[in-house]
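Visitor:
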C-alpha cells in the first residue's frame, strides 16, 4: 500500500481543489480516477469518493473492491443534495465529509482513516443496552453486528441518543439533523423514526418514545 497516495474518484472536476488541499496540507499524492473504471490504478492508502451521481449499489461495489485490496478505507464527499440518500456500507471502513469542511478537518479525517491517529476515543462510543454507536466512524452495532442505516437515519438516531430524556419537536429535529435550509415537511422525521425502529429491534426501539403533540424523546 502506498502510504502517501490517495485515489480521488469523481465524475466531475468540481471538488478537485478540495482534494488538492490534501497535497498542500499533508503532502499526500492525489491520483485521479472515475467511479466506473477504478481498476487500472496503482497502490493507494485511501479512496476519496465524490458521491454525486453514484448510486448506493455502486458504492457498495466500490467498498467490496476496497475490501478485496486489503481493507483500504474510503472517505466520501457528500453535499446537501447527496447526503440524505447516501448509504455507506456498514461493514466498510468509511466516513463522509461535506465539501464545505476546512482543510484541517479533511486532513484529520484522512489521518484517522489511514491509522495515523487513534481511530476513536472512549467518548466517541455510546452504549445503550445491546446497541453501540461509534460517533467517530458513524456506525451502529447491535450485539456486535453492524446495522445498515442511511446517514440521515444515523444522524437522527445519534442526535436523540446523545441528547436523552428531552423531547424534541419535529421542527427542531429537522433543523438540528437536516439543517435550516431543508425544505421538506415534518413527516420526513416520522418516516425516518419508523425506519430506525424497524432496524434497531424492539429493545432499542422502546427507548425512542413518541411524545404526543410534541415529537420524539430518547429514554436512557
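Numbering (this note's numbering), first residue to last: 4 to 223. All residues carry an ideal CB built from backbone N, CA and C; glycine is no exception.
Drop a sphere of 10 angstroms on the beta-carbon of residue 243, count the other beta-carbons inside from all chains shown, and report buried for 16 or more, exposed for fewer.
Guide: Only positions 4 to 223 of the chain appear in this structure, which leaves residue 243 out of reach.
Visitor: Using the DSSP secondary-structure output, state which residues sit across from residue 18 in a beta bridge.
Guide: Residue 18 pairs with nothing; no bridge assigned.
Visitor: Just how far apart, CA to CA, sit residue 34 and residue 9?
Guide: Using only the alpha carbons, I get a separation of about 6 angstroms.
Visitor: Is it right to say residue 166 is buried, meaning 16 or more other beta carbons lie within 10 angstroms of its own, or is it exposed?
Guide: The residue is exposed, with fewer than 16 neighbouring Cβ atoms inside 10 Å.
Visitor: In three-state DSSP terms, what is residue 189?
Guide: Residue state, collapsed to three classes: coil.
Visitor: Hey, could you find the ends of the beta strand (DSSP E) residue 84 is sitting in?
Guide: Neither: residue 84 is in no beta strand (DSSP E) and is coded neither H nor E.
Visitor: Just how far apart, CA to CA, sit residue 211 and residue 85?
Guide: Taking the straight line joining both Cα atoms gives about 27 angstroms.
Visitor: Can you tell me the Cβ-Cβ gap for residue 96 and residue 153, rounded? I've got them flagged as a contact below 8 angstroms.
Guide: Contact doesn't hold; Cβ gap of about 18 angstroms is too wide.
Visitor: Have a look at 63, 102, 169, 194 and flag the residue whose alpha-carbon is nearest the alpha-carbon of residue 155.
Guide: Looking at the Cα atoms, 194 is the closest of the given residues.
Visitor: Can you have a look at residue 140 and say buried or exposed, based on whether 16 or more other CB atoms are within 10 angstroms of its CB?
Guide: Classification for residue 140: buried.
Visitor: When every heavy atom of the ligand NAD is checked, does at least one fall within less than 7 angstroms of the C-beta of residue 190?
Guide: As for the ligand NAD, it is missing from this structure, which has no ligand bound.
Visitor: Expressed to the nearest angstrom, what Euclidean distance is found between the alpha-carbon atoms of residue 134 and residue 65?
Guide: Computed Cα separation, rounded: 27 angstroms.
Visitor: Going along the chain, which residues of its own chain have a beta-carbon closer than 6 angstroms to the beta-carbon of residue 56, five neighbours each way excluded?
Guide: The residues are 14.
Visitor: Going by Cα to Cα distance, which pick from 130, 142, 100 is closest to residue 52?
Guide: It is 100 whose Cα lies nearest to the Cα of residue 52.
Visitor: Going straight from the alpha carbon of residue 150 to that of residue 81, what length do you get?
Guide: Cα to Cα, residue 150 sits roughly 21 angstroms from residue 81.
Visitor: Relative to the C-alpha of residue 114, which candidate in 103, 98, 18, 190 has its C-alpha closest?
Guide: It is 98 whose Cα lies nearest to the Cα of residue 114.
Visitor: Alpha carbon to alpha carbon, how far is residue 79 from residue 108? Give it in angstroms, no decimals.
Guide: Each residue's alpha carbon lies about 13 angstroms from the other.
Visitor: Quickly, what does DSSP pair residue 144 with across the bridge? List them, please.
Guide: BP columns for residue 144 point to 135, 149.
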